[in-house]
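Accompanying notes for the structure given below.
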Amino acid sequence: MVSTQTDESGDRAVRKTRFVATSSSSPERADAPEQTELTDGLRTPTLVAGVSMGVAALLCFVLSAGFSGGQTTVSDEAAQEVSSLQEQIRTVEAKTVALPKADDTERGLTGALASAGQVAKLQNDYRYLTPGVAASGGKLDAAASQSTLRNLIPYFAPSVHQSDLGPWYLLASDKDVAAGVGIPMGFDSGFEWVAQVPYLVNDDSTITVTWLAMETRTGKGEKPAVLAWARADYGLVRKAFSNIQTGTTATGEALRQEVKAP
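Once you know that position 91 of the sequence shown is 90 in numbering that gives the first Met the number 0, the rest is easy, because the numbers rise by one and skip nothing.
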């Protein structure tokens with residue numbers, strides 16, 4: 000059973016959702032998802048055009064049916080269908096015009112992935128703070144996290160609150176690592192944030208990007224589990240992320256280090 004907790008702020012555009020889900024209901028499978036080529040994003044205009052052609056074909060069928068049997072007028076029912084189908088065609092055509100060109104789509108997907116990779120790297124930097132968080136009863140040292148936070152801000156729209164850019168997930172077992180400068184740069188935290196390859200441009204010229212916190216310590220023959228996830232929309236115009244959502248799987252929640260607001 001899924002237990003959902005929602006924390007939304009009505010006075011800003013950012014939404015941040017946290018919930019615990021079973022592994023089967025997590026946004027991605029426990030094993031690393033199959034990576035999709037960036038050119039898959041070009042399917043969007045094709046699909047929209049295909050829908051438009053399908054609706055147009057159906058419109059022709061309705062018109063031909065209305066004139067069957069030598070009739071010279073269209074019934075009221077057929078006329079209503081024609082009007083509805085014409086409206087659908089206008090809507091699809093408007094969406095097609097609004098979609099970015101193929102080259103712009105490819106550049107947008109590439110830019111979104113590059114930015115998502117930098118965000119994943121910075122979120123991974125937060126892992127080194129886990130011993131200090133554990134020692135202070137779950138409180139995040141604002142001064143210690145300031146450098147990472149400052150580097151994250153440029154990747155997000157001004158509407159995103161800084162509290163949404165804190166650690167998305169920390170592993171409780173990392174509290175046993177020696178704090179401070181003693182943590183080696185090659186420190187294996189036990190999990191790692193990985194940006195997933197985006198493949199679709201939305202109707203509003205945004206690209207939805209997903210990050211997964213993947214387990215890095217697995218037994219022989221075991222697949223890495225997904226411990227947590229995050230999702231945000233990358234705007235092709237502003238080239239920044241907005242509308243952040245985060246959550247943990249059931250496995251990740253059991254292993255999570257609680258982080259309180261500074």
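Backbone N, C-alpha and C fix where the C-beta goes; we use that ideal spot for every residue, glycine too.
task: Would you mind giving the Cβ-Cβ distance between Ala111 and Ile243, rounded to the nearest angstrom? I have them listed as a contact below 8 Å.
output: Beta-carbon to beta-carbon, Ala111 and Ile243 are separated by about 14 Å, too far to satisfy the 8 Å threshold.
- prompt: Who are the near neighbours of Asp30 in its chain, counting only those whose CB is closer than 8 Å to its CB and skipping five residues on each side?
  reply: Its pLDDT being 42, under 50, Asp30 is placed unreliably by the model, and nothing is read from it.
- prompt: With a CB to CB cut of under 7 Å and the five nearest residues on each side skipped, what residues in its chain are close to Ala133?
  reply: Excluding its 5 nearest sequence neighbours in each direction, Ala133 has C-beta neighbours in its own chain below 7 Å: Lys174, Gln256, listed in chain order.
task: Indicate the three-state DSSP secondary structure (helix, strand or coil) for Lys259 in the structure shown.
output: In the structure shown, Lys259 sits in a strand (DSSP, three-state: E or B).
field: Residues that Ile206 bridges to, as DSSP identifies them
entry: Assignment of beta-bridge partners to Ile206 by DSSP yields Tyr233.
- prompt: Can you tell which of Trp167, Leu199, Ser144 has its C-alpha closest to the C-alpha of Leu235?
  reply: Of the listed residues, the one whose Cα sits closest to Leu235 is Leu199.
query: Excluding sequence positions up to five away, which residues of its chain have a Cβ less than 6 Å from the Cβ of Ala229?
result: Excluding sequence positions up to five before and after Ala229, its CB lies within less than 6 Å of the CB of Trp167, Trp210, Thr245, all in the same chain and listed in chain order.
message: Would Thr109 and Tyr125 qualify as a contact pair, given that the criterion is a beta-carbon distance under 8 Å?
response: Thr109 places its beta carbon 8 Å or farther from that of Tyr125.
task: Give the straight-line distance between the Cα atoms of Ser144 and Asn123, rounded to the nearest whole angstrom.
output: Going by the C-alpha atoms only, they are around 12 Å apart.
- request: Would you please state the rounded distance, in angstroms, between the beta carbons of Arg216 and Gly189? I believe it to be under 8 Å.
  value: The pair is a contact, with the Cβ atoms about 5 Å apart (cut-off 8 Å).
- request: State the Cα-Cα distance for the pair Asp232 and Asp163, rounded to the nearest angstrom.
  value: Those two C-alpha atoms are separated by around 14 Å.
message: I need the boundaries of the alpha helix (DSSP H) containing Ser241, first residue and last residue.
response: For Ser241, no alpha helix (DSSP H) encloses it; the enclosing beta strand (DSSP E) starts and ends at 240 to 248.
Ala143, enclosing alpha helix (DSSP H) - first and last residue: If you look at Ala143, you'll find it in the alpha helix (DSSP H) that goes 141 to 151.
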